[in-house]
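Q:
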Ligand SMILES: Cc1ncc(COP(=O)(O)O)c(C=O)c1O
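What follows is the structure, given as structure tokens:
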């Protein structure tokens, strides 16, 4: 099959819900991907913050192959050793006191689980009928109905209403707004410590600490959605660890399986207690295969010091981008934490992303003028130098195109 065969077949048999670049990959190794025609790409997107070990890391592949040849799926009506072991590792790395893990299959499902637990657990702990969840503008929690309702951006809602009631919106990074939004029905506050889909906006550490203090004072459940920003990406295992606080519930997916689908929440034991047998569950959640794979991801991140690498390479990458910004007025801002980085441009980002793709660099647009960089945690200085080189020449070219009469928006 050639790429054009795939594009043609996809148009005939697949739902049109994804805006896909006209590229189809055949193979991946480390930071590199190869398309069907053999062209090589440097991956600064990692399947949108998923492939934390890069592509086909030998330890990842070995864990999948070994477990697939041993036992793939049973059911949660039995004990699953791989699930218990992954639970142990997650309780350790999340540092949630007396933490308990619960497994599912995706980020949206992890957020659904957190929403359900915040309501049921909030009611049980407070002894009153609390159900409202305070969420931040610009946040993203997934596409299922509960997670979608927790996501305030109207474009994601169109045609899918009515939404699930009980979500109260506040501006991001504004503690006073959260304080004012707390009412007698409030059960929880749920935010991303770095907003990913919203354009890479980093929560201030004092905001995270303030949320912890407020939730303690008012008896609210604090949920951090670390599906995109967790798993070493910001230079700590979890972003909240920069602020020295822990949530009552953390949601996980993306990097957890390193590309194998798995989601999870880790919550404090007194909350998790409300999920007694029969209250919640999912057929595939925490299968031997998914759990053995995720455990291998965590061990490999530890063995190869990839959290520290994310911190060091994140600093290096941002410094290179700031330097580029000094000479290129088209770059309006560089922001992020660790290896979760965005560049705000004075021109539309889609043509820049397309030009990077033509030059063999994978990045994506996360807003009409914002480019997102979420490379694998194995990235090196050489990879960063190469990416910044491509980006610099693409931006120089695209800034010029945007400056020609044809490239200027009408009316200018
Ligand atoms: C912070 C956050 N939460 C939830 C989700 C939803 O995850 P999934 O696409 O696995 O359902 C995403 C996906 O981008 C995300 O970034």
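Numbering (the working numbering), first residue to last: 662 to 1073.
From the three backbone atoms N, C-alpha and C, an ideal C-beta is built for every residue, glycine too.
1. Tell me whether residue 1074 sits in a helix, a strand or coil according to DSSP, three-state version.
2. Taking only three categories from DSSP, how would you classify residue 820?
3. Helix, strand or coil for residue 802 per DSSP?
4. Less than 7 Å between the C-beta atoms of residue 924 and residue 737, yes or no?
5. To the nearest angstrom, report how far apart residue 1072 and residue 884 are at their CA atoms.
6. Among the candidates 772, 1045, 958 and 994, whose CA atom is the shortest distance from the CA of residue 1032?
7. For residue 942, I'd like the list of residues in its chain whose CB is within less than 8 Å of its CB, leaving aside the five on either flank, ordered along the chain.
8. Pull up the distance between the alpha-carbon of residue 1035 and that of residue 863, whole angstroms please.
9. Using 8 Å for Cβ pairs, my map puts residue 875 next to residue 829. What's the rounded Cβ distance?
10. For residue 734, is the classification buried or exposed, using 16 other Cβ atoms within 10 angstroms of its Cβ as the cut-off for buried?
11. Distance check for residue 729 and residue 668, CA to CA, integer angstroms please.
12. Given the structure, does residue 688 come close to ligand 1, in the sense that its CB is under 6 Å from one of the ligand's heavy atoms?
13. If you measure from the beta carbon of residue 1018 to each beta carbon in chain B, is any gap under 7 Å?
14. Name all residues in chain order for which at least one heavy atom of ligand 1 lies closer than 6 Å to the residue's CB.
15. Using only CA atoms, which one of 833, 800 and 831 lies nearest to residue 817?
16. If I measure Cβ to Cβ from residue 824 and keep anything under 8 Å in the same chain, skipping five residues before and after, which residues do I get?
17. Within 10 angstroms of the Cβ of residue 887, are there 16 or more other Cβ atoms? Answer buried if so, exposed if not.
18. Quick one: what does DSSP say residue 1073 is sitting in, helix, strand or coil?
19. Considering only the alpha carbon of each residue, which of 760, 711 and 751 lies closest to residue 934?
20. Look up residue 898 in the DSSP assignment and say whether it is helix, strand or coil.
21. Is the Cβ-Cβ distance between residue 692 and residue 703 less than 7 Å?
22. Looking at the secondary structure, which residues open and close the beta strand (DSSP E) in which residue 912 lies?
23. Rounded to the nearest angstrom, how far is the Cβ of residue 896 from that of residue 1003, given a contact under 8 Å?
24. Sorted by chain position, which residues of the same chain lie with C-beta nearer than 6 Å to residue 997's C-beta, five sequence neighbours on each side aside?
25. Could you please give me the residues that DSSP links to residue 926 through a beta bridge?
26. Just the Cα atoms here: how many angstroms apart are residue 877 and residue 848?
27. Is it buried or exposed, residue 673, if we count other Cβ atoms within 10 angstroms and call 16 or more buried?
28. In terms of residue numbering, what span does the beta strand (DSSP E) encompassing residue 1026 cover?
29. Can you tell me the Cα-Cα spacing of residue 982 and residue 1056, whole angstroms?
A: In this structure, then:
1. As shown, the chain starts at 662 and ends at 1073. That puts residue 1074 outside it, with no answer to give.
2. coil
3. coil
4. no
5. At residue 1072 the pLDDT is 41, less than 50, meaning the model places this residue with poor confidence; the figure from the coordinates comes in the next sentence. Near 46 Å, if we compare the C-alpha coordinates of residue 884 and residue 1072.
6. 994
7. 737
8. 14 Å
9. Not confirmed; about 14 Å, so no contact.
10. exposed
11. 31 Å
12. no
13. Looking at the structure shown, chain B is missing, and only one protein chain is on hand.
14. 767, 768, 769, 772, 801, 802, 803, 853, 857, 858, 886, 888, 889 and 914
15. 800
16. 806, 809, 810 and 818
17. buried
18. No answer about residue 1073 holds up, because its pLDDT of 37 lies below 50 and its placement is not dependable.
19. 760
20. coil
21. yes
22. 910-913
23. Not quite, the Cβ-Cβ distance comes to about 16 Å (not below 8 Å), so this is no contact.
24. 861 and 1003
25. 763 and 912
26. 12 Å
27. exposed
28. 1025-1028
29. 12 Å
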